[in-house]
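Working notes, beginning with the structure itself.
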Amino acid sequence: KDRCKLREQAAELQLVREMLRQLKIDMHSIHLKTSRLETAAAEFEEAEQRFPQHEARAKQLKTKLDQLVRREMEETDLSLTNTENFYASHHPDIFGDLQEGETSTSATPRFPSSEAGPQLLLSSRMLAPTEMPFPSRNSARRQADASWGSR
């Protein structure tokens, strides 16, 4: 009878030990997860405090990017205008006489079967007088760009 009771107690003790081992494993896992959450919360709070600075810098960069895109578009437009004016003045057989606000028809139609021939539609932007960028303006831009980068 005592042996039977001892076996039951030994089995219960083994079960308690196994449950204790599993409990320690679970507690360690919970501790690791809690640590990770605390670290993530601290990083989030730090990032949240830096957000206004990053937002201001992002707005600054967007403004600068908009300026650069606008300048590039203007310079591309000027280059396109210069090219169009060059070809119009040096190749009147292709472009015809270009006059402000008029539409030019090619002197030699590509498709003889068509009645009017292809038309070359030119906007007033394309007919604007040729301008060349001024070196002083370019140096002022470079200085402005250099000072922007040092901020």
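If you're matching positions, the sequence shown starts at 5 in this note's numbering and goes up one per residue.
All C-beta atoms in this analysis are idealised placements derived from N, C-alpha and C, irrespective of residue type, glycine included.
Inter-residue Cα distance where the pair is residue i and residue j
{"i": "residue 32", "j": "residue 18", "result": "21 Å"}
{"i": "residue 75", "j": "residue 53", "result": "35 Å"}
{"i": "residue 11", "j": "residue 50", "result": "58 Å"}
{"i": "residue 46", "j": "residue 35", "result": "16 Å"}
{"i": "residue 41", "j": "residue 48", "result": "10 Å"}
{"i": "residue 95", "j": "residue 57", "result": "56 Å"}
{"i": "residue 84", "j": "residue 64", "result": "30 Å"}
Exposure of residue i, with buried meaning 16 or more beta-carbon neighbours within 10 Å
{"i": "residue 92", "result": "buried"}
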